[in-house]
Amino acid sequence: REDQLSVDCFGLNHLSWFRNARVNGEPVTERLLADPRLYRDTCMKYFSPELVALSDNLMLNEYLYYYYYREQAIAAIVAGGETRGEQIAAINRQMLSELGELDIPRQLEHAFSVYFCHYLQRENSYMQRESNQGKVKTREMLTLQQFIEQPDSGGYAGVAIDILEAVNSGRQKRVVVSMQNRDTLDFLHPEDVIEISCELSSAGIQPVKMRDIPDTQKNLISQVKEYERLAVAAILTGNRQLAIKALMVHPLVNSYSLAKTLVEEYLQVHRQYAGHWR
Numbered sequence: 056r057e058d059q060l061s062v063d064c065f066g067l068n069h070l071s072w073f074r075n076a077r078v079n080g081e082p083v084t085e086r087l088l089a090d091p092r093l094y095r096d097t098c099m100k101y102f103s104p105e106l107v108a109l110s111d112n113l114m115l116n117e118y119l120y121y122y123y124y125r126e127q128a129i130a131a132i133v134a135g136g137e138t139r140g141e142q143i144a145a146i147n148r149q150m151l152s153e154l155g156e157l158d159i160p161r162q163l164e165h166a167f168s169v170y171f172c173h174y175l176q177r178e179n180s181y182m183q184r185e186s187n188q189g190k191v192k193t194r195e196m197l198t199l200q201q202f203i204e205q206p207d208s209g210g211y212a213g214v215a216i217d218i219l220e221a222v223n224s225g226r227q228k229r230v231v232v233s234m235q236n237r238d239t240l241d242f243l244h245p246e247d248v249i250e251i252s253c254e255l256s257s258a259g260i261q262p263v264k265m266r267d268i269p270d271t272q273k274n275l276i277s278q279v280k281e282y283e284r285l286a287v288a289a290i291l292t293g294n295r296q297l298a299i300k301a302l303m304v305h306p307l308v309n310s311y312s313l314a315k316t317l318v319e320e321y322l323q324v325h326r327q328y329a330g331h332w333r
């Protein structure tokens, strides 16, 4: 049961690690990491046990695949002939084309079927091309009535509702949220946004203080956060040099020549949206 499990999460959005897993207060991290099912039936399937050991026996957010298997992800994307964004755009165009042929108020169930079919194409192909692996859990086709009747976790809205319920009910709950750092991670700026485990109660949201974070994770978090700071400043000021510098420090680019090419070509292709950059 979810309320019997707790785990500590730290990092940034799409760049986070998990440790100190407990069930009813009993530490279970070692047992989890030694269980072959972890690498078969969960998003940890994208990572090898050796990589986990090299990552200080921390469990990994699936998006770390792009950092730790960078060349494999790039090769798979190139071989597939399109990026994930292009794949989603094609799915959306096809969906909108089919919906455009319908009288939606009169053909509501048919319209839902068209929407949900394309939604499943998107969801069930998540990270499939980049990792050359199928999704851990795939969703099945539903009718409109089945969709209405099934339990709904609420997605991102569900997280917000959990927070409101905890604050107003007096019960305590642990959630992972993105929030201002303040002094939670002492190697980042107070105003930086981090992703962190928090205790929720009627007293509000209290981040769990994370100590003894390994230097390997600190370094990657710090590097990506510096990219974020520079990217925000570049966008707010329309500054090409800051944009180039931002990509230079990002570990997936980490090259002046590549960063300059990316910025110049991006601003050229998207000039009608990007506006003037100095």
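Position 230, counted from 1, in the sequence shown is what the working numbering calls 285; the numbers after and before it change by one each time, with no gaps.
Backbone N, C-alpha and C define an ideal beta-carbon position, used for all residues, glycine too.
Considering Cα atoms alone, identify which of the options is closest to residue i.
i	options	result
isoleucine 268	Leu291, Asp247, Phe242	Phe242
valine 83	His69, Ser61, His325, Leu70	Ser61
glutamine 227	His165, Ser256, Asn79	Ser256
leucine 163	Arg139, Arg92, Gln200	Gln200
aspartate 111	Gln176, Met182, Ala76, Asp270	Asp270
valine 133	Pro160, Arg184, Pro91, Tyr94	Arg184
glutamine 142	Leu113, Tyr174, Tyr121	Tyr174
Do residue i and residue j have their CB atoms nearer than 8 Å?
i	j	result
valine 231	isoleucine 251	yes
leucine 70	asparagine 116	yes
lysine 280	aspartate 247	yes
methionine 182	lysine 190	yes
serine 145	asparagine 187	Note on residue identity: the sequence assigns alanine, not serine, to residue 145. Cβ atoms of alanine 145 and asparagine 187: not closer than 8 Å.
Verify the CB distance criterion: does residue i have a CB-CB separation below 8 Å to chain B?
i	result
glutamate 81	Although the question refers to chain B, the structure presented lacks it and comprises just one protein chain.
Check residue i in the structure and name its three-state DSSP category.
i	result
asparagine 75	strand
glutamine 272	helix
phenylalanine 171	helix
arginine 229	strand
aspartate 63	strand
methionine 265	coil
glycine 189	coil
methionine 303	helix
glutamate 195	coil
glycine 20	With the chain covering only 56 through 333, there is no way to say anything about residue 20.
Along the alpha helix (DSSP H) that carries residue i, what are the first and last residues, could you check?
i	result
valine 324	311–324
glutamine 183	183–186
glutamine 200	199–204
glycine 330	Here glycine 330 belongs to no alpha helix (DSSP H), and DSSP marks it neither H nor E.
leucine 87	84–89
How is the beta strand (DSSP E) around residue i delimited, first residue to last?
i	result
serine 252	248–256
Sequence ranges, alpha helix (DSSP H) only - wholly within the segment 100–163, length at least 4: Inside the segment 100–163, DSSP marks whole alpha helix (DSSP H) runs of 4 or more residues at positions 104–109, 120–123, 125–135, 139–155, from first to last along the chain.
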